[in-house]
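To start, the structure under review is shown below, and the notes come after it.
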Amino acid sequence: MKRTLPILAVFTALLLAYAFYEAIWVAPMERTMGDVQRIFYYHVPSAWTAFLLFTVNLVASVVYLIQRSPKADAIALVSAEVGVVFCTIVLVTGPIWARPVWGIWWTWDLRLTLTLVLWLIYVSYLVLRRFSDSSQTPKLAAVLAIFGALDVPLVYFSIWFFRTQHPQPVIGGGGSIDPRMLHVLLINWLAFSCFAVVVCWWRYRLEMLQRAVDEAESLESLMGVQQ
Amino acid sequence: MNAVKYLWAAYIATWLIHGIYLGSLARRYGRLRQRMKDLGKKEK
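Chains as they are written, first to last, in my numbering: chain A, 812 to 1038; chain B, 17 to 60.
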């Protein structure tokens, strides 16, 4: 068990390198956008991974509210934190793609605005967890997470049900994609998902260690007061 | 449209963000190890 994380980390690094090679050199060039379309192989898997992590956060938050399990609370915190990192990448790579293709960095389009709102909700979740010392914080954060998760399907389906400037979905929803491009997209998603698992695992260990040290320090200061 | 610089900018930005986050985790881990060491010394 102790060796699983390093083995998974090495496997993930190799997979990420292979996915990068596929995205840059193997995937066919898109006719109208050219090479800039290859941003799609980082942008879309990052978005899907963020959605997945926010879903994990929702499930862990519900489990915490039902069982008051500290492990579920730690999983909720970790998945939100790593999810925010992936969502930040989506919000950074999107405008870098939009500038040469649309001629603008940003537009207040429904998909883009909802993604920004999603990011702000989870940043506020992390701010609450970081700066509130109340014993009620995990409960409040879990409730906030449930409301925050409502934005995930809104972001995902916004391009299905509304006319937006954002490109239409490539899988389902009437869009189409070259099978070679789809293959590269799925490899990149697998690589980024494995990377997210490795980072979450490491962050979870760190969180549990942090809680153990905090507990030991407060116990020690309590014993100091009694003496 | 040949905008390769945007492609590289996006890829570099992605790994820069991941690098900053992983660096912050490594620093947090270092501080935690120090606190554990200090706790161990006090117990002795």
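The C-beta atom is built at its ideal place from N, Cα and C for all residues, glycine as well.
Inset, instruction - Note down, in chain order, each residue of its chain lying with its Cβ closer than 7 Å to the Cβ of Pro911 (chain A), except the 5 sequence neighbours on either side. - result: Val847
Inset, instruction - Could you run through the segment 883-899 of chain A and flag, in chain order, every residue whose CB is less than 7 Å away from some CB of chain B? - result: So the close ones are Val896, Thr899.
Inset, instruction - Could you tell me whether the Cβ of Arg43 (chain B) comes closer than 8 Å to any Cβ of chain A? - result: no
Legend entry - Residues that Glu1028 (chain A) contacts on chain B, provided the C-beta gap is smaller than 8 Å: Arg51, Leu55
Legend entry - Gly914 (chain A) in three-state terms, based on DSSP: coil
Inset, instruction - Give the single residue among B:His34, B:Gly56, B:Ala42, B:Leu41 whose Cα lies nearest to the Cα of Ser857 (chain A). - result: B:His34
Inset, instruction - Kindly indicate which residue of A:Ile915, A:Gln976, A:Leu816 has the alpha-carbon position closest to the one of Leu921 (chain A). - result: Ranking the options by Cα distance to Leu921 (chain A), first place goes to A:Gln976.
Inset, instruction - Could you tell me the distance, in whole angstroms, from the CA atom of Ala885 (chain A) to the CA atom of Gln979 (chain A)? - result: 36 Å
Inset, instruction - Specify whether the segment 863-878 of chain A and the segment 1018-1036 of chain A touch according to this definition: at least 3 beta carbon pairs, one from each stretch, less than 8 Å apart. - result: Judged by Cβ distances under 8 Å, the segment 863-878 of chain A makes no contact with the segment 1018-1036 of chain A, as fewer than three pairs qualify.
Legend entry - Unbroken alpha helix (DSSP H) run spanning Trp859 (chain A), endpoints: Per DSSP, Trp859 (chain A) is one residue of the alpha helix (DSSP H) stretching across 851-878.
Inset, instruction - Kindly identify the DSSP beta-bridge partner or partners of Glu841 (chain A). - result: A:Gly845
Inset, instruction - Measure the CB-CB distance between Phe897 (chain A) and Thr860 (chain A) and report whether it falls below 8 Å. - result: yes
Inset, instruction - Leaving aside the five residues before and after Phe942 (chain A) along the sequence, list all residues of the same chain whose C-beta is less than 6 Å from its C-beta, in chain order. - result: none
Inset, instruction - Measure the Cβ-Cβ separation of Ala1007 (chain A) and Leu864 (chain A) and say whether it is below 8 Å. - result: yes
Inset, instruction - Could you tell me the boundaries of the alpha helix (DSSP H) in which Thr815 (chain A) lies? - result: 815-832
Inset, instruction - Alpha carbon to alpha carbon, how far is Ile28 (chain B) from Phe973 (chain A)? Give it in angstroms, no decimals. - result: 32 Å
Inset, instruction - Determine the direct distance from the alpha carbon of Ser945 (chain A) to that of Ile998 (chain A), and round the result to whole angstroms. - result: Approximately 43 Å, taken between the alpha carbons.
Legend entry - Start-to-end residues for the alpha helix (DSSP H) that takes in Ser945 (chain A): For Ser945 (chain A), there is no enclosing alpha helix (DSSP H), since its DSSP letter is neither H nor E.
Inset, instruction - Could you work out which residue in A:Ala830, A:Val966, A:Val837, A:Arg940 is closest to Ser890 (chain A) when comparing CA atoms only? - result: Distance from the Cα of Ser890 (chain A) is smallest, within the candidate group A:Ala830, A:Val966, A:Val837, A:Arg940, for A:Arg940.
Legend entry - Per-residue burial, Leu929 (chain A) [other beta carbons within 10 Å of its own, 16 or more giving buried]: Buried.
Inset, instruction - Compile a chain-ordered list of the residues in the segment 938-949 of chain A whose CB is closer than 8 Å to at least one CB of chain B. - result: none
Inset, instruction - Helix, strand or coil for His86 (chain B), going by three-state DSSP, please let me know. - result: Any property of residue 86 (chain B) remains undetermined from this structure, which presents chain B solely from 17 to 60.
Legend entry - Cβ pair Trp917 (chain A), Leu923 (chain A) closer than 8 Å: yes
Legend entry - Rounded straight-line distance, which links the Cα of Gly39 (chain B) to that of Leu68 (chain B): Any answer about residue 68 (chain B) is impossible in this case: the structure gives chain B only from 17 up to 60.
Legend entry - Own chain partners of Met844 (chain A) with C-beta closer than 7 Å, once the 5 adjacent residues on each side are dropped: Val912
Legend entry - Cut-off 8 Å between Cβ atoms - residues of its own chain near Leu819 (chain A), not counting five sequence neighbours on either side: Cys1005, Val1008, Val1009, Trp1012
Inset, instruction - Leaving aside the five residues before and after Val867 (chain A) along the sequence, list all residues of the same chain whose C-beta is less than 6 Å from its C-beta, in chain order. - result: Ser890
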